[in-house]
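This report concerns only the one structure given below.
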Amino acid sequence: MGVTAVIGIQWGDEGKGKIVDVLCDRADLVVRCQGGSNAGHTVVVDNRTFVLHLVPSGILRDGTVCLIGNGVAVDLELLTAELEELKRSGIATSGRLIVSRRAHLVLPHHKRIDQAQEAMRGGGKIGTTMRGIGPCYTDKYGRFGIRLGDLVDPSVLKARIQAAARAHAGGRDDKPVFDAAEAEAYCRTYLPLAREISGDVAAILMDALGEGKEIVLEGAQGFLLDIDHGTYPYVTSSNTGVHGLITGSGLPPSSIDSVVGVLKAYVTRVGEGPLPTEMEEPYQTLVREKGREFGATTGRPRRCGWLDLVALEYACSLNGVTSLVVTKLDTLAGLDALKMCVAYEHDGMPVPSFPTETDVLAGCTCRYVGCDTWAGPSLPGEKGTLPRSARAYLERIEAAAGAPIMMVSVGPERGDTIQLQD
Ligand code: IMP
């Protein structure tokens, strides 16, 4: 297996948490590389549901070491709560989680800025998760963010906080949104935790690589929310594809052995921005209810759409996806009609590939092909017993993506998984 990168290739919520958990039965280390507590990775084990926002999904496998890389925006308050919740559920976390000293911290002012910016955007709002992710990365790239490693040396912390205060004040002396005293008190609160969990994640990974260990990189969000390649500005503030897993872990690009693209059998999007294949009623409500399509982080209803092969092809090619995992195939069982989008048109003209301009994407109409349905309400969990029409649906996905499907998920539990290839 070597180094396996697992990424979402739609608009997030593809079910990466479950798939990472399944793949981790063979992994020594699992790494979160980008994003932060805006993610909500759901894993169901023996009827118990765990929703992980920051802790890698490998924490539910004994013996897997969990790392949070430099690229993650870490909210120590939420991380503390998540670790306590896991301990209450009987999951051993002590000594199993190491967070990069280079990871940037989400501080209280980031959440205030997130809220204020969304309010300011009015009709053009992005629909962020309000977890302070964008403002945290803004400070990072402005070079006045606070990193986990800054906490352990009081004089370094003071200097970093003063730099942030100066940058946020921007020469104004009206009430600054960045409150230096608040930030310092916050950081001091989490000093013991920082001492316990911080480490040099890139160095740990390089050692593990040298020892031939199995490493899983756990992507967050989906490629169409990528800050560079997604539907800007309706995106998150990190690189959500394989590129982000490289910079966010410190591993060299040549170390990646396989790129697993996770997609739902349909698409969903939470928040604003174009969704060309948005379903009409009654399918919108049927799929949302049956697929329990409500945000794991915010509880917001997700917008549901038919499978979009144009977007899929785009995501697979830019990420060099080597194999696919299709989730929630069971949700489509029992629908009386089924279709997938095979091409876009704009102003009556064919669109050759996924548009770079979000306004163009918003104005695209979709050309669909109808697919044979299969009976519901569920699907058998064995390879040979998938209905012929479901197999045909999967074959169309493989042809568009140019990659084989290694696994199909037909329910939330670990066992609700059909392995098609190793
Ligand atoms: P932010 O990441 O909170 O700034 O939100 C930016 C956009 O990305 C919004 O549309 C969010 O709904 C979306 N988003 C962020 N994280 C996730 C996720 O884990 N799954 C799905 N959508 C997400």
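Every number in the numbering used here is 1123 more than the matching position in the sequence shown, counting from 1. We put the beta carbon where it would ideally sit given N, CA and C, even for glycine.
Alpha-carbon spacing of residue i relative to residue j, whole angstroms
i	j	result
residue 1137	residue 1302	38 angstroms
residue 1197	residue 1285	20 angstroms
residue 1269	residue 1365	25 angstroms
residue 1400	residue 1275	49 angstroms
residue 1465	residue 1428	13 angstroms
residue 1279	residue 1360	27 angstroms
residue 1322	residue 1192	10 angstroms
residue 1225	residue 1404	47 angstroms
residue 1245	residue 1396	14 angstroms
residue 1249	residue 1290	25 angstroms
residue 1189	residue 1219	6 angstroms
residue 1516	residue 1304	57 angstroms
residue 1391	residue 1238	24 angstroms
residue 1267	residue 1273	12 angstroms
residue 1125	residue 1336	7 angstroms
Beta-carbon proximity of residue i to residue j, cut-off 9 angstroms
i	j	result
residue 1201	residue 1254	yes
residue 1134	residue 1340	no
residue 1483	residue 1474	yes
residue 1332	residue 1374	yes
residue 1453	residue 1539	yes
residue 1168	residue 1195	no
residue 1320	residue 1328	no
residue 1499	residue 1460	no
residue 1528	residue 1536	no
residue 1129	residue 1293	no
residue 1180	residue 1139	yes
residue 1526	residue 1447	yes
residue 1186	residue 1176	no
residue 1372	residue 1156	yes
residue 1488	residue 1512	no
residue 1199	residue 1228	yes
residue 1420	residue 1212	no
residue 1532	residue 1449	yes
residue 1131	residue 1422	no
residue 1418	residue 1252	yes
Where the alpha helix (DSSP H) containing residue i begins and where it ends
i	result
residue 1281	1277-1292
residue 1324	1324-1333
residue 1142	1139-1146
residue 1155	Premise fails: residue 1155 lies in the beta strand (DSSP E), 1152-1155, not in any alpha helix (DSSP H).
residue 1203	1199-1211
residue 1484	1481-1485
residue 1236	1231-1244
Residue range of the beta strand (DSSP E) that includes residue i
i	result
residue 1380	1379-1387
residue 1190	1188-1191
residue 1165	1164-1168
residue 1131	1126-1131
residue 1160	Where residue 1160 is concerned, there is no enclosing beta strand (DSSP E), given that its DSSP letter is neither H nor E.
residue 1491	1488-1493
residue 1341	1338-1345
residue 1428	1426-1428
Collapsed DSSP secondary structure at residue i in the structure displayed
i	result
residue 1472	strand
residue 1078	Summary: the structure shown does not reach residue 1078, with the chain confined to residues 1124 through 1545, and so no result is reported for it.
residue 1526	coil
residue 1434	helix
residue 1439	helix
residue 1317	helix
residue 1462	strand
residue 1540	strand
residue 1372	coil
residue 1412	helix
residue 1172	strand
residue 1352	coil
residue 1304	helix
residue 1519	helix
residue 1500	coil
residue 1365	helix
residue 1270	strand
residue 1214	coil
residue 1392	strand
residue 1513	helix
residue 1447	strand
residue 1177	coil
residue 1467	strand
residue 1398	coil
residue 1221	strand
Beta carbon proximity, residue i to chain D, threshold 9 angstroms
i	result
residue 1341	The structure shown has no chain D; it contains just one protein chain.
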